[in-house]
Amino acid sequence: NTRLRVLSGIQPTADSFHLGNYLGAVRQWVRLQDTHETFYCVVDLHAITVEQDPKVLRQRTRVSAAQLLALGVDPDRSTLFVQSQVPEHAQLSWVLECQTGFGEASRMTQFKDKAAKQGTDRASVGLFTYPVLQAADILLYQAHAVPVGEDQRQHLELSRNLAQRFNNRFGRTFVVPEAHIVKDTAKIYDLQDPTSKMSKSASAVNGLVELLDEPKRSAKKIRSAVTDTGREVVYDPEHKAGVANLLSIYSALTGRAISELETAYEGKGYGDLKKDLAEVLVEFVTPVQERVKSYLDDQAELDKVLARGAERAREVASATLAKVYDRVGF
Ligand code: ADP
Ligand code: NA
């Protein structure tokens, strides 16, 4: 395979993906299958860095995998697997932890943010070393490219530093990964607070559109999205953040250019835009939900798909780990 290799992961920490996860990440994963050799994992090891109910975690891991399949990750073209089924992730992570400076890890802003929320004393050491595990995820597969959003840049930088450091110390072992910035990645904002990004941790659930939520409820959330006191449907993120967000969602879901949408809504109001977008959304999520349901209805088949993915992942991961172990003197 001469294609560049890509790795990405998603945490099974919610009952459903939201629109931001899809339009900002998973949709690109699906497209990358045409051009790259793709490895995608449900990162359940990362999910236990915060408190998790075992039953809920197990279910969310399955539902996450089912959603990836339903959204277009093709297990014949991608290696789709669950992180905990590939023990090399934890094994490499330990070796990399021993190459990571305490001060270096302490500078990770995501840890600082997350730890501050729960109180630094209560935050787990796993939450602290989370970015090192993420580096292991990437380096195990010798990934050339990692599709990252702005929020993950610092972590990717750590992965690059660790790869270079290890290569310098022990001889060339890892590919140094690059950020894969996708141009048309939509950043999706909260429908009720269009200046902050849509997130599962949002306090106002009405601003969050979950793919597996009752379509009628999602439609209603779109129709009651916060806009502004103006009338014209124009894309102006600075002054009309709410309308701009609706336009980017609309454009991303239909493939119609934002300028084309502006023209189509000339002389019409926000109500028309919301009503139509609500319909577009329902049309998008309905078949996705049907496919998710069919994957979940056949647990044995889903398990088989994931077991096959883990087996393929391990072929690559175990080769990298063997080299690493040898290099460090095991
Ligand atoms: P959350 O921010 O809801 O906790 P995650 O951190 O699990 O979601 O994100 C999973 C993936 O979805 C990441 O690649 C992240 O960059 C992307 N993502 C999350 N929220 C958004 C958003 N509002 N817009 C675009 N992409 C997003
Ligand atoms: Na996040």
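In case it helps, full-length UniProt numbering puts the sequence shown at residues 8 to 337. Using N, Cα and C, we set each Cβ at its ideal position, and we do this for glycine too.
Counting other Cβ atoms within 10 Å of its Cβ, SER71 reaches 16 or more and is therefore classed as buried.
By the CB criterion at 7 angstroms, HIS151 and LEU253 fall outside the cutoff. Excluding residues up to 5 positions away in sequence, HIS151 and ALA152 lie with their Cβ nearer than 7 angstroms to the Cβ of GLU185 in the same chain.
Counted as a single uninterrupted DSSP element, the beta strand (DSSP E) harbouring THR86 occupies residues 85-89. For LYS204, the CB falls within less than 6 angstroms of some heavy atom of the ligand ADP. Between ASP120 and the set PRO94, LEU309 and SER208, the nearest pair of CA atoms involves SER208.
Straight-line measurement puts the Cα of GLY249 at about 9 angstroms from the Cα of ASP197.
Nearest in C-alpha terms to GLU157, of all of LEU103, ILE188 and PHE109, is ILE188. Within the chosen limit of 6 angstroms, the ligand ADP reaches the beta carbon of ILE17 through at least one heavy atom. When the beta-carbon positions are compared, GLN98 and LEU328 come within less than 7 angstroms of each other.
7 angstroms or more divides the Cβ of VAL139 from the Cβ of GLN90. In this chain, PHE46 is not harboured by any alpha helix (DSSP H); it is covered by the beta strand (DSSP E) spanning 44-49. Beta-bridge partners of SER15 (DSSP): TYR47. Three or more Cβ pairs closer than 8 angstroms define a contact, and the region 96-113 falls short of that threshold against the region 280-292. Inclusion of GLY214 and GLN199 in the CB contact set at 7 angstroms is warranted, their separation being smaller than that value.
Contact between the region 31-40 and the region 74-86 is present, with at least three C-beta pairs closer than 8 angstroms. Taking ALA122 as the centre and dropping the five residues before and after it, the same chain places the C-beta of ALA130 closer than 6 angstroms to its C-beta, in chain order.
The C-beta separation of GLU217 from SER23 comes to about 4 angstroms, placing the pair in contact by the 8 angstroms criterion. In this structure, the ligand ADP has a non-hydrogen atom nearer than 6 angstroms to the beta-carbon of GLY27. Using a Cβ distance threshold of 7 angstroms, PRO244 and THR293 do not count as a contacting pair. Taking 7 angstroms as the cut-off, the beta carbon of VAL240 is found closer than this to the beta carbon of TYR272. LYS119 has its CB no nearer than 6 angstroms to any heavy atom of the ligand ADP. Around the beta-carbon of GLN18, 16 or more other beta-carbon atoms lie within 10 Å, marking it buried.
Exclusion of the five residues before and after ASN168 leaves GLU111 as the residues of its chain whose Cβ lies within less than 8 angstroms of its Cβ.
Taking C-beta separations shorter than 6 angstroms and ignoring five residues to either side along the sequence, the partners of LEU303 in its chain run ALA73, following chain order. For LEU14, the closest alpha carbon among the candidates LEU52, HIS43 and ILE195 is that of HIS43.
Within 6 angstroms of the C-beta of ALA32 there is at least one heavy atom belonging to the ligand ADP.
Of all alpha-carbon atoms in GLY31, THR9 and VAL323, the one lying nearest the alpha-carbon of MET205 is that of GLY31. The beta carbons of VAL155 and LEU146 sit no closer together than 7 angstroms. Taking all protein chains shown into account, PHE337 has fewer than 16 neighbouring C-beta atoms within 10 Å of its C-beta and is therefore exposed. The C-beta distance from THR261 to TYR137 rounds to 36 angstroms, too long to fall under 8 angstroms, and the pair is not in contact. If you compare the alpha carbons of GLN296, ALA211 and VAL287 with that of ASP220, the shortest gap goes to GLN296.
In the structure shown, PRO222 falls within a helical segment according to DSSP collapsed to helix, strand and coil. Taking GLY27 as reference, the option from GLY126, SER255, TYR148 and THR68 with the minimal CA-CA separation is SER255. Distance from the CA atom of ALA211 to the CA atom of SER203, rounded to whole angstroms, is 11 angstroms.
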